[in-house]
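This is the structure:
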């Protein structure tokens, strides 16, 4: 029997291949460390964190009909994630992401989400064919969407009746994909989660702080926005109100997935009905805990 999810997580579901070293590194270095392969991708990272907060997420994405795809869906199922709506494509390989981190800093990364881009709107079929909604009764709950989707598909989502009743939570995935979110900037039901650099790219500004970035995003038409700034303050803004929260000082041991953890923790806190100030504090603490390992 199908499980009714608490939130839909739309976007990248892939394997993370991450090399971490305790030694300082720069481009061109060859240093000892550890290499791991774990389930990842923005949508999946958000879903995994939401599950730890006792929510039941459903994944909306694509994997290949290959060994990597079967293994990935099996791991997701073991974690309690709803995978029945994931498109399994026999002609596409399962996506992957590769990163190198040193002393808690990201040295370099490559995201191969070409299968997600190639699948396009086909991954959204469950929102229109009755499984998760249709044009008469669209999905009315939480929906997390990541910027690994193409700008064309994000533009379609911005105008689609299938998303007209949802509580949309949007993340760009990386600064290189931030501008893909422009079609959703002014969506009346969207909350955007970005860092300072991504906010600058979306607004044509150069904010130094999360507060400045929030103000720039609101001025550019965003309805609700949260901004992180690495080890600096995070901020939440709606209308003309801005809240700021300083993170605890921690020793960084990992960075890949920190923004996804922040976003998921904030969504989970708001789902529990806490105040905006407490939701921001809980998200900041969850991200700090994650970074510290």
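In full-length UniProt numbering, the protein residues as written are 1 to 293. Beta carbons: idealized from backbone N, C-alpha and C, even for Gly.
In the structure shown, residue 275 adopts coil according to DSSP, grouped into three states.
Between residue 145 and residue 166, the C-beta gap is not smaller than 7 Å, which leaves the two residues out of contact. Going by DSSP, residue 48 is part of the alpha helix (DSSP H) stretching over 42 to 52. Contact between residue 85 and residue 131 holds, since their C-beta atoms are separated by about 6 Å, short of 8 Å. Annotation for residue 250: 288, 291, 292 place their beta carbon closer than 7 Å to its own, counting only its chain and skipping 5 residues before and after.
For residue 211, the enclosing alpha helix (DSSP H) begins and ends at 210 to 219. Taking C-beta atoms under 8 Å as the contact rule, residue 2 and residue 43 fail to qualify, at a distance of about 19 Å. Its chain contains 18, 109, 256 as the residues whose beta carbon lies nearer than 6 Å to that of residue 99, once the 5 sequence neighbours on both sides are disregarded; these appear in chain order. Just measuring C-alpha positions, the residue of 228, 193, 29 sitting nearest residue 210 is 228.
Secondary structure note for residue 121: it is in no alpha helix (DSSP H), with a DSSP letter that is neither H nor E.
The C-alpha of residue 273 lies about 44 Å from the C-alpha of residue 26.
In this structure, residue 178 lies near residue 201, with their beta-carbon atoms less than 7 Å apart. Assignment of residue 84 by DSSP, reduced to helix, strand and coil, places it in the coil class. In this structure, the straight-line span from the alpha carbon of residue 40 to that of residue 233 is close to 26 Å. Looking at the backbone, the Cα of residue 238 and that of residue 82 are separated by about 32 Å. The DSSP-derived three-state label of residue 13 is coil.
By the 16-neighbour rule on beta-carbons within 10 angstroms, residue 240 is exposed.
Nearest in C-alpha terms to residue 248, of all of 284, 117, 206, is 284.
Given a length threshold of 4 residues, each whole run of the alpha helix (DSSP H) inside the segment 144 to 201 is given here in chain order: 151 to 159.
As far as DSSP is concerned, residue 78 takes part in no beta bridge. For residue 243, the enclosing beta strand (DSSP E) has its first and last residue at 241 to 245. Cβ-Cβ distances below 6 Å link residue 107 to 25, 100 in the same chain, with the five nearest sequence neighbours on each side left out; the list follows chain order. Following the DSSP letters along the chain, one finds residue 234 inside the beta strand (DSSP E) bounded by residues 234 to 238.
Residue burial annotation: residue 140 is exposed, with fewer than 16 other C-beta atoms found within 10 angstroms of its C-beta. Looking only at 114, 9, 28, the smallest Cα-Cα distance to residue 263 is reached by 9. The residues 172, 175, 178, in chain order, have a CB closer than 7 Å to that of residue 198 in the same chain once the five nearest residues on each side in sequence are set aside.
Residue 32: not part of any beta strand (DSSP E); DSSP gives it neither H nor E. From the listed residues 76, 97, 114, 282, the smallest Cα separation to residue 89 is found for 114.
Sequence-distant Cβ neighbours of residue 186 in its own chain, meaning closer than 8 Å and more than five residues away, are 221, 222, 223. Sequence-distant Cβ neighbours of residue 55 in its own chain, meaning closer than 7 Å and more than five residues away, are 6, 7, 268, 271. By the 16-neighbour rule on beta-carbons within 10 angstroms, residue 218 is buried.
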